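Comments concern the structure below.
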Amino acid sequence: NWVRFGRESRFALDEQRAAVTQTIPGHHRLKAGSEDAGTAVDLVEALGSEIDSFPFGAATESFGPTVDDSVRIVHSKPTGEEFALGRGTVTDRTVSKQRITVTRELSSSGRYDAIGTRREPGDTATTRFAEGRWWYPTVYRGESGTPKGTYVNIATPVEVFPTEIRYMDLYIDVIKRPDGTVNIVDQDELGAAIDAGHVPEVVADRATGVAQKVADVLRS
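Heads up: the sequence shown begins at 482 in the numbering used here, then just goes up one per residue.
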């Protein structure tokens, strides 16, 4: 058996720890990022510094990632599977939104999952990852900038670590085709995961609600 701690689990542990000792918001989240970050957390807490929210700006400025850094996108499944979607370059960091933008150049041919448009070498995938958000969008474009569609992955809250992005995929997703058509996809995969006991119904309900809100925004 295994237990994977995600962002919300780490923050719940922070609350338990804070009941008995000085604990900054994101204590366990930061320590999971790197040894250097863990040392910095220990120092800040030992000095009794007051921090009232997760220090995304300070963490990414000190330990990464920031613009021009390379990061790996780690895609986990509730079944325990884990694989990398590849590496990309950070092309923007917006501290006020606790968000980074990652751009990848694609080299394979085929068709984009669910969207159906052709994938060609030289296409780009631009993804925005916001710390703590239950979804992230990827916009696909051709080499000349031609839109090829948007794929919004619904997942457990995103974690932006110094060298990688982590989350757990919740199966259900939202797509927007170049013609403006918006659809929620893979509901059957989420249903199967519920039946198999891999995704609790409360989490599935949250994922479905997030997918509906994202679809509504994309249609507006």
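Think of the CB as a built atom: it goes at the ideal place given N, C-alpha and C, for glycine as much as any other residue.
Remember, predicted model here, so these are calculated numbers, not experimental data.
| Check | Outcome |
| --- | --- |
| Hey, out of Pro618, Thr627 and Ile675, whose CA is closest to Ile656's CA? | Pro618 |
| Answer yes or no: does any C-beta atom of chain C fall closer than 8 angstroms to that of Glu624? | Here chain C cannot be found, since the structure has a single protein chain. |
| By DSSP, does Glu670 sit in helix, in strand, or in coil? | helix |
| What residue does the beta strand (DSSP E) around Phe535 start on, and which one ends it? | Premise fails: Phe535 is in no beta strand (DSSP E) and is neither H nor E. |
| Got a sec? Which residues, its chain only, sit under 6 angstroms from Ile596 by beta carbon, not counting five neighbours each side? | Gly630, Ile656 and Arg658 |
| When you compare each of Gly661, Arg580 and Val691 to Arg744 by their alpha carbons, which one comes out closest? | No answer is possible for residue 744: it lies beyond the span of the chain, which begins at 482 and ends at 701. |
| Hey, how far is the Cα of Arg488 from the Cα of Pro638? | 6 angstroms |
| Beta-carbon separation of Val583 and Val555 under 8 angstroms? | no |
| Nearest to Ile532 by CA position, among Thr598, Gly514 and Gln503, is which residue? | Gln503 |
| So Asn634 and Asp650 are supposed to be a Cβ contact under 8 angstroms. How far apart are they, rounded? | 7 angstroms |
| Going by DSSP, what residue range makes up the beta strand (DSSP E) through Leu462? | Because the chain in this structure spans residues 482 to 701, residue 462 falls outside the shown range and cannot be described. |
| Suppose contacts are defined by Cβ-Cβ distances below 8 angstroms. Is Val501 in contact with Leu511 by that definition? | no |
| State buried or exposed for Phe564, treating a residue as buried only when at least 16 other CB atoms are found within 10 Å of its CB. | exposed |
| From the DSSP output, which residues share a beta bridge with His509? | His509 is not bridged to any residue. |
| What is the rounded straight-line gap between the Cα of Tyr593 and the Cα of Ile653? | 16 angstroms |
| Determine whether the beta carbon atoms of Val680 and Pro506 lie at a separation below 8 angstroms. | no |
| In angstroms, rounded to a whole number, what distance separates the CA positions of Thr727 and Arg485? | Nothing about residue 727 can be reported from this structure: the residues present for the chain run from 482 to 701 only. |
| Classify Ala518: buried if its beta carbon has 16 or more other beta carbons within 10 angstroms, exposed otherwise. | buried |
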